[in-house]
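Going down the list, the sequences are from chains R and Z. Under this note's numbering, the residue at position 32 of the first sequence is numbered 32, and the numbers go up by one with no gaps. Under this note's numbering, the residue at position 189 of the second sequence is numbered 189, and the numbers go up by one with no gaps.
There are 2 protein chains.
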Amino acid sequence: MKNYKVILAYKGTAYHGFQRQSNANTIQQEVEEALGRLLGENVTIYGCSRTDAGVHAREFCFNFHTENPIPVKGLLFGCNAQLPDDIALLSAEQAPDDFHARFCAKGKEYEYIVHNSAVKNPFYSDSAYRTARHIDEKMLDSEAKAFVGEHDFRAFCSADCTKENTTRIISRFDVRREGELVIFTVAGNGFLYNMVRIMVGTLLTISEGKLPCGCIPSLLESRDRTLAGRTAPPQGLYLNRVFYAEGEYMQSEHSAP
Amino acid sequence: MKNYKVILAYKGTAYHGFQRQSNANTIQQEVEEALGRLLGENVTIYGCSRTDAGVHAREFCFNFHTENPIPVKGLLFGCNAQLPDDIALLSAEQAPDDFHARFCAKGKEYEYIVHNSAVKNPFYSDSAYRTARHIDEKMLDSEAKAFVGEHDFRAFCSADCTKENTTRIISRFDVRREGELVIFTVAGNGFLYNMVRIMVGTLLTISEGKLPCGCIPSLLESRDRTLAGRTAPPQGLYLNRVFYAEGEYMQSEHSAP
Chain R
1 MKNYKVILAY
11 KGTAYHGFQR
21 QSNANTIQQE
31 VEEALGRLLG
41 ENVTIYGCSR
51 TDAGVHAREF
61 CFNFHTENPI
71 PVKGLLFGCN
81 AQLPDDIALL
91 SAEQAPDDFH
101 ARFCAKGKEY
111 EYIVHNSAVK
121 NPFYSDSAYR
131 TARHIDEKML
141 DSEAKAFVGE
151 HDFRAFCSAD
161 CTKENTTRII
171 SRFDVRREGE
181 LVIFTVAGNG
191 FLYNMVRIMV
201 GTLLTISEGK
211 LPCGCIPSLL
221 ESRDRTLAGR
231 TAPPQGLYLN
241 RVFYAEGEYM
251 QSEHSAP
Chain Z
1 MKNYKVILAY
11 KGTAYHGFQR
21 QSNANTIQQE
31 VEEALGRLLG
41 ENVTIYGCSR
51 TDAGVHAREF
61 CFNFHTENPI
71 PVKGLLFGCN
81 AQLPDDIALL
91 SAEQAPDDFH
101 ARFCAKGKEY
111 EYIVHNSAVK
121 NPFYSDSAYR
131 TARHIDEKML
141 DSEAKAFVGE
151 HDFRAFCSAD
161 CTKENTTRII
171 SRFDVRREGE
181 LVIFTVAGNG
191 FLYNMVRIMV
201 GTLLTISEGK
211 LPCGCIPSLL
221 ESRDRTLAGR
231 TAPPQGLYLN
241 RVFYAEGEYM
251 QSEHSAP
C-alpha cells in the first residue's frame, strides 16, 4: 500500500468547501471521484484542513492510500484530465506510511485579498473582497503585529468552535498594498474555525474607525468573540501553503507562492 | 431626452455573450433590467459590438436614451448595486443626441491571454486559454506583424460572416510574455466575426509547427477560411477598449487598460 502526499490548488467559488457533504458539491468529492475513475477503486483522501465555501487554496495538501502501481506523472496528468478546470493537482510524491495531511501539519500560511475601490471590478468579484473606504495599509500592518506571538485566540474564532485549547502561535502578520489590492498574509502553527477571517475583519473594523487603534491586545485578553470585529467574507481568503517541517512556519516570508 | 455614453466591464464566463437572446442569459439583458429597475422605465441599450459567450470586456461601450433626470453618479452607483458582481458600469457621460456606440465606433483594441503551461492553474481557468507546448513569443510577435496594414480578412472570419466588405486596417499586433502568460494585443478600425480568435488561433498553429512561418501573407491572399488556423477559444479574449475619435486606434499602445 502506497501513501501519496499530494499538493492541490483550487478556486473555491463553485464549491461548498473542501470537506465532503451529503448534499452539496465539495472539493473532496470532486477529487475522490476523479481519482476513483483513474484508479478504478474507491479512494478516500485526507485533507490538511477544512476550508469554507468560497475559500480558495494555492497549495492545499492531502494524502491517500492506493495499491495501484500508477507512476506519479500518470497520477497527476490522469487525475487533472478528470478534474474540472477550477481544481488542479500540482504535484504528488510517495510519503511515509504514517504521513497524514492533517495530523502531521505543523503550520499554515493564509492570504486575504481586499479590493479597496469604490468601483466594482468584475474580474475580482470572486477572488477578493471589495471595500470602498480607503484602507491605511501601513496603520493596519502595525496593528496586525499585535496578533504575532503565542495568544489565546478564543475571541477570534467562531462561536461554533468546539476546540478546548484555543492557544495558537502566530509567526507573521503582514499587510501590504499592490495598487487597488490590500493583501494580508498570516502564518502560524494552527488556526481555529474562521480565525483568519475574524482577524482580518477586526483589522477592517479598526480601519473603519469602529474599533480603536491598539484594541487587539485587550480583545485577545477578553476571550469574547462578540467584542472582536466582523467575519470577513470567504471569497478573499486563500490557503497559501501547509508546513510539515517543525518550526518551518516561523520562516514564512514574502516569497509566498 | 438625454443620450448617455456608458463604459462597462464584464467577465463573460457566465453569459451567452453581450447581445440579448430570447432563451439565454446575456450581458445586455442584465444591464437593461438593472437600468429598468433603477429608472422605472423600459430601457434599450445599444452596444459597441457583440461579444461571444465567455468573452470578457474591460471597457465595453454602450449608449441609451432616457428622460430621467438622475445625476450621473446616481446612475453609476444605482445601476452597479442592481448588477451582478461580474458586471460593472465604470463611467457614464451625456453624449450628443446622434451618438451611437456601434455606428460611431472608429476602432477597437482586443487582448488575448494564453496560459502557456503544462500544469492547469485553477485561477486562470475562465480568464485565459491554456496550451502546454512552449510558445516562442518573439517569433509570434514577428509573424503577427504580417497582419498589420490594410488587408482583406476573408480568410480570418467565420464562415458565418455575412459582411460584403471584409477589408480592415490593423494598426497594431503585438505578442509579449509575462511569466506563464503570453499576451496578444491587436488594434484596428474594425473586426469581422471571430477575426481576433482566428488570427490568434493561426499564430498558435504556426507556433505548433502545423503551419509554416511566413504563411500569413498567402493566407490573407487566399481569402479561404479553411486554409487558416483554428478559432482560439473564447475565455482568453478581452475587448480592451473602443475608439470614437478618428484615427485614435492608430495610437493604441502598451499602456492599455
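Even glycine gets a Cβ: it sits at the ideal position worked out from N, Cα and C.
DSSP places K145 (chain R) in the helix class (H, G or I) of the three-state scheme.
Among the bridge pairs identified by DSSP, Q29 (chain Z) is matched with none. Flagged as an interface residue toward chain R: P122 (chain Z), by a C-beta distance shorter than 8 Å. N240 (chain Z) has a beta carbon lying at 8 Å or more from every beta carbon in chain R. Boundaries of the beta strand (DSSP E) harbouring C61 (chain Z): 56–66, taken from the DSSP string.
At a cut-off of 8 Å, the C-beta of N80 (chain R) has a neighbouring C-beta in chain Z. Close partners of K11 (chain Z) in chain R (Cβ separation under 8 Å): P122, F123, S125. Under DSSP, G188 (chain R) shares a beta bridge with R:K108, R:I170. The beta-carbon of L237 (chain R) is placed no less than 8 Å from the nearest beta-carbon of chain Z. By the beta-carbon neighbour count (other beta carbons within 10 angstroms, threshold 16), T226 (chain Z) is exposed.
Within the same chain, F184, V196, V200, A232, G236, L237 come within 7 Å of Y112 (chain Z) by CB-CB distance, once the 5 residues on both sides are set aside. Following the DSSP letters along the chain, one finds L76 (chain R) in no beta strand (DSSP E) but inside the alpha helix (DSSP H) bounded by residues 72–82. If you draw a 10 Å sphere on the C-beta of Q21 (chain Z), you find fewer than 16 other C-beta atoms in it, and that means exposed. By the Cβ test, the stretch 50–67 of chain Z is in contact with the stretch 84–101 of chain Z, since at least three Cβ pairs between them sit closer than 8 Å.
In this structure, DSSP gives G47 (chain Z) an extended state, which the three-state scheme calls strand. Boundaries cannot be given for I135 (chain R), as no beta strand (DSSP E) includes it and DSSP labels it neither H nor E. A distance of 8 Å or more separates the beta carbons of A128 (chain R) and A118 (chain R). Segment contact: the stretch 138–149 of chain Z against the stretch 172–189 of chain Z, three or more CB-CB distances shorter than 8 Å; contact assigned. The criterion of a C-beta distance shorter than 8 Å is satisfied by D85 (chain Z) and S125 (chain R).
Against A88 (chain Z), the close residues of chain R are V119, K120, N121, P122, in the order they occur along the chain (beta-carbon pairs closer than 8 Å). The beta carbon of Q29 (chain Z) sits closer than 7 Å to the beta carbons of R20 from its chain, once the five residues preceding and following it are set aside; these are given in chain order. DSSP places R177 (chain R) in the strand class (E or B) of the three-state scheme. Beta-bridge partners assigned by DSSP to K2 (chain R): R:T66.
By DSSP's assignment, L239 (chain Z) forms a beta bridge with Z:A57, Z:Y110. Within chain Z, the residues K120, P122, S125, D126 have their CB atoms less than 8 Å from the CB of D85 (chain R), given in chain order.
Residue range 87–95 is occupied by the beta strand (DSSP E) that includes E93 (chain R), with no alpha helix (DSSP H) assigned at that position.
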